[in-house]
Amino acid sequence: MNIDVILGLQWGDEGKGKIVDYLADRYDVVARFQGGPNAGHTLVFDGKKHVLHTIPSGVFRSNLINLVGNGVVIDPITFEKELNGLDKADVDYDHRLFIAEKAHLILPSHRLLDAANEAAKGKSKIGSTLRGIGPTYMDRTGRNGLRIGDINRVDFKERYQKLKQKHLSILTSLPKVDFDLDGEEQKWFASLERLRKIPQVSSEYYVNRLLKNGKRILAEGAQGSMLDVDFGTYPYVTSSNTVTAGVCIGLGVSPDKIGEVIGITKAYCTRVGGGPFPSELHDDVGELLRKEGHEFGATTGRPRRCGWIDLPQLKYTIMLNGVTQLVLTKIDVLNIFKELNVGVSYQIDGKETEEVPFEIPNDLKMNYKTYKGWEQSLVEVKTFDALPNNARLYVDALEKELGVPITMVSTGPDRVELLTRPSVY
Ligand code: GDP
Ligand code: IMO
Ligand code: MG
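According to my numbering, the sequence shown is numbered sequentially starting from 8.
This is the structure in structure tokens:
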């Protein structure tokens, strides 16, 4: 068997949680392969909303195994909060939730460093979620990190102190920020006890064994390809590889094991935090998109920046990921618009291009093609064929331009608000 992948093709928050939750019952395992509690994946079903940060979005489906892969960074405090949320929702995750022993731990001092680093950057700050993601991945590549498997070592506390001391010495050269390190440390060690009870596995052996036994695995991406540390809008990115290649690194599987790659894009575009955004709207239309789409971060509650869909950007991330199917989400947010713009090319230094440049200049001009809106609610639309004509034309035009089949169109936050093409799903 191969691993299918679901990932975001923009700057995150494309609706990955919803689609993973919808598709999960076709799989035996859902596995996160990168990122950490910077992610906020929203699931809505049976009239309730759930937001997951580190735990895979398959956890609400009974019998399904959920694996937090080695490429994920874990904060015991957030993790415990998520487990408490699952307990409250009566979700039994016993024998269904596993953590890779090679996954790295986010220490309280990583979060403190994240905040101090951002303070040092001043106006050019990344807009990090301040969850300690960057400093934790830095310690991973710097070969200083602590991993889940280290919790079991007798000298774990000494290793912890050593890493914390290193952080404290770096902090002397950074601006002071408000952070109760002692208090957070106490919480961290208390939460660690809960984390200890979650079974640890070697994700590389675990996943490969499952595949050999014919099990179906869905890899759940976090963030989006434009936040990839190598291919995103650097330095305004996260610190992990969010593209398909990250699945191999973050779970321990070879590239030939990758099956379907399901890329998710909103019917428009958003980003939260700093950095370039070619199709961003600073006017009433942007404000309307934010209002209609409830575009406020699932992790930090920050307002998301909004703009039109950007085809050169999507073509770039489709290429990077080897996308085989597309999912278009939040199409209902466009219901109220008379006209819809689609970004088709960039104008840079008087030249037209469809390539995402090394650095996106502030004065980049986006060229748009305009489509007619459908100006009606989609609440009653239950099948793909029942979409209003102008909505069909919009979806068909995107599909033609992007060259990949759009197999699902999402018309609302609920699990059931999804139009699928029967020939595929
Ligand atoms: P993720 O990080 O990719 O999982 O996405 P988020 O959960 O951060 O943000 C997506 C938001 O849009 C959530 O509030 C979802 O409940 C909501 N959502 C998902 N799909 C749709 C849709 O088709 N229409 C509308 N209106 N909301 C949606
Ligand atoms: P999901 O999985 C949207 C953004 C932050 C910031 C940059 C770096 O819900 O789609 P970090 O905390 O990683 O150092 O922040 O990346 N960011 C996200 N934006 N969705 C996310 O995750 C994000 N995770 C990080 O806003 O600009
Ligand atoms: Mg999100």
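Idealized CB from N, CA, C, for every residue including glycine.
Have a look at R201 and F86 and give me their C-alpha separation to the nearest angstrom. Numbered from its first residue, the sequence shown carries residue 201 at position 194. Numbered from its first residue, the sequence shown carries residue 86 at position 79. The straight-line gap from Cα to Cα measures roughly 9 Å.
Same chain, Cβ closer than 7 Å to G380, neighbours up to 5 away in sequence not counted: Residue 380 sits at position 373 when you count from the first residue of the sequence shown. If we look at G380 and ignore the five residues flanking it on each side, its Cβ neighbours are L341, F344, K345, E346, L347, N397.
Can you check DSSP and say which residues form a bridge with R39? Taking the sequence shown and counting its residues from 1, the one referred to as residue 39 is at position 32. For R39, which the question treats as bridged, DSSP gives the partners V75, E227.
Rank D356, T360, T377 by C-alpha distance to the C-alpha of N369 and give the top, closest one. For this step, residue 369 is matched to residue 362 along the sequence shown. Nearest of D356, T360, T377 to N369, Cα basis: D356.
So the candidates are A229, E267, I325; which of them puts its Cα closest to the Cα of E433? Outside the modelled stretch of the chain, which goes from 8 to 432, sits residue 433, for which no answer is possible.
Alpha-carbon to alpha-carbon, L120 and T179: Along the sequence shown, read from residue 1 onward, the residue named residue 179 stands at position 172. Along the sequence shown, read from residue 1 onward, the residue named residue 120 stands at position 113. So the alpha carbons of these two residues sit roughly 10 Å apart.
Just how far apart, CA to CA, sit K204 and A305? In the sequence shown, the residue the question calls residue 204 occupies position 197. In the sequence shown, the residue the question calls residue 305 occupies position 298. Cα to Cα, K204 sits roughly 27 Å from A305.
Which residue or residues does DSSP assign as beta-bridge partners of E359? Numbered from 1 along the sequence shown, position 352 holds the residue referred to as residue 359. DSSP, once it has assigned bridges, lists Q354 as partnering E359.
Rounded to the nearest angstrom, how far is the Cβ of R118 from that of G152, given a contact under 8 Å? Taking the sequence shown and counting its residues from 1, one reaches residue 118 at position 111. Taking the sequence shown and counting its residues from 1, one reaches residue 152 at position 145. 15 Å between Cβ atoms; not a contact.
Whose C-beta lies closer than 8 Å to the C-beta of L409 among residues of the same chain, with five residues either side of it excluded? Residue mapping note: residue 409 aligns to position 402 of the sequence shown, counting from 1. Only L318, L321, K322, I325, L333 meet the Cβ criterion.
Distance between beta carbons of V351 and Y375, contact taken as under 8 Å: Residue mapping note: residue 375 aligns to position 368 of the sequence shown, counting from 1. Residue mapping note: residue 351 aligns to position 344 of the sequence shown, counting from 1. About 7 Å separates the two Cβ atoms, so the contact holds.
According to the Cβ coordinates, are I265 and E21 closer than 8 Å? Against the sequence shown, residue 265 aligns to sequence position 258. Against the sequence shown, residue 21 aligns to sequence position 14. In this structure, E21 does not lie closer than 8 Å to I265 by Cβ.
Selected residue, minimal CA-CA separation from T148, among V214, A110, L93, S198: On the sequence shown, position 141 is the one that residue 148 refers to. For the residues V214, A110, L93, S198, the minimum Cα distance to T148 belongs to A110.
Which same chain residues, not among the five before or five after N9, have their C-beta less than 7 Å away from its C-beta? Position 2 of the sequence shown, counted from the start, is the residue given in the question as residue 9. Closer than 7 Å at Cβ, skipping near neighbours: K264, I265, G266.
Specify the secondary structure class of G270 as computed by DSSP and reduced to three states. For the purposes of this step, residue 270 is taken as the residue at position 263 of the sequence shown. Of the three classes helix, strand and coil, the one that applies to G270 here is strand, per DSSP.
Is H301 near ligand 3, judged by its Cβ being under 7 Å from some heavy atom? Within the sequence shown, the letter at position 294 stands for residue 301. Not so, every heavy atom of ligand 3 lies at least 7 Å from the Cβ.
Proximity test, A46 beta-carbon vs ligand 4 heavy atom, cut-off 7 Å: As far as ligands go, the structure on display features ligand 1, ligand 2 and ligand 3 and does not contain ligand 4.
Spatial distance of T418 from S246 (CA atoms): As a working mapping, residue 418 is identified with position 411 in the sequence shown. As a working mapping, residue 246 is identified with position 239 in the sequence shown. Those two C-alpha atoms are separated by around 32 Å.
Leaving out the 5 sequence neighbours to the left and right, which residues in its chain are closer than 8 Å to R166 when beta-carbon positions are compared? The sequence position of residue 166 within the sequence shown is 159, counting from 1. Apart from sequence neighbours up to five positions away, the residues of its chain that approach R166 with a beta-carbon distance below 8 Å are L153, D157, R160, ordered along the chain.
Answer yes or no: the CB of D20 versus the heavy atoms of ligand 3, is any distance below 7 Å? Mapped onto the sequence shown, residue 20 falls at position 13. For ligand 3, at least one heavy atom lies less than 7 Å from the Cβ of D20.
Among I155, Q172, G43, P412, the one whose alpha carbon lies nearest that of L137: Taking the first residue of the sequence shown as position 1, residue 137 is located at position 130. Cα-wise, what sits closest to L137 is G43.
Any heavy atom of ligand 1 closer than 7 Å to the CB of T49? Reading the sequence shown from its first residue, position 42 is the one you call residue 49. At least one heavy atom of ligand 1 is nearer than 7 Å to the Cβ of T49, so yes.
When you measure from the CB of A305 to every non-hydrogen atom of ligand 3, does any distance come out below 7 Å? Position 298 of the sequence shown holds residue 305. Correct: A305 has its Cβ closer than 7 Å to ligand 3.
Measure how close the beta-carbons of F40 and V79 come, nearest whole angstrom, since I'm counting them as under 8 Å. As a working note, residue 40 is residue 33 in the sequence shown. As a working note, residue 79 is residue 72 in the sequence shown. The beta carbons of F40 and V79 sit about 7 Å from each other, so the pair counts as a contact at 8 Å.
Near T307, what residues of its chain come up, given a Cβ to Cβ distance below 6 Å and the 5 sequence neighbours on each side ignored? By 1-based counting over the sequence shown, the position of residue 307 is 300. The answer, listed in chain order, is T136.
At a cut-off of 7 Å, would you count P420 as near ligand 1, judging by its Cβ distance to the nearest heavy atom? Looking up residue 420 in the sequence shown gives position 413. Within the cutoff, so yes.
Taking all protein chains shown into account, decide if F238 is buried (16 or more other Cβ within 10 angstroms of its Cβ) or exposed. To locate residue 238, count along the sequence shown from 1; it is residue 231. By the neighbour-count rule (16 or more Cβ atoms within 10 Å), F238 is buried.
Assuming I367 contacts A274 (C-beta within less than 8 Å), just tell me the rounded distance between them. In the sequence shown, counting from the first residue as 1, residue 367 sits at position 360. In the sequence shown, counting from the first residue as 1, residue 274 sits at position 267. Contact flag wrong, Cβ pair sits at about 22 Å.
If we ignore side chains and look at the alpha-carbon of each, how far apart do P115 and E192 end up? Reading the sequence shown from its first residue, position 108 is the one you call residue 115. Reading the sequence shown from its first residue, position 185 is the one you call residue 192. Each residue's alpha carbon lies about 6 Å from the other.
At a cut-off of 7 Å, would you count R138 as near ligand 2, judging by its Cβ distance to the nearest heavy atom? Position 131 of the sequence shown, counted from the start, is the residue given in the question as residue 138. Yes, since a heavy atom of ligand 2 falls inside the 7 Å radius drawn around the Cβ of R138.
Excluding sequence positions up to five away, which residues of its chain have a Cβ less than 6 Å from the Cβ of C276? The count along the sequence shown starts at 1 and reaches residue 276 at position 269. Here the set comprises Q17, S286, G314, I316, D317.
With 16 other Cβ atoms within 10 Å as the buried cut-off, status of Y241: On the sequence shown, position 234 is the one that residue 241 refers to. Burial call: exposed.
Contact set for L188: own chain, Cβ-Cβ below 7 Å, skip 5 residues either direction: Along the sequence shown, one-based indexing puts residue 188 at 181. Closer than 7 Å at the Cβ level, and outside the excluded window around L188, lie P115, S116, L119.
Contact under 8 Å by Cβ, V388 with L425: Your numbering for residue 388 matches position 381 in the sequence shown. Your numbering for residue 425 matches position 418 in the sequence shown. No. Outside cutoff.
L14 to M145 span [Cα, whole Å]: As a first step, residue 14 must be located in the sequence shown, where it is residue number 7. As a first step, residue 145 must be located in the sequence shown, where it is residue number 138. Rounded to the nearest angstrom, the two C-alpha atoms are 23 Å apart.
Answer yes or no: the CB of K23 versus the heavy atoms of ligand 1, is any distance below 7 Å? Counted from its first residue, the sequence shown places residue 23 at position 16. K23: yes, Cβ under 7 Å from ligand 1.
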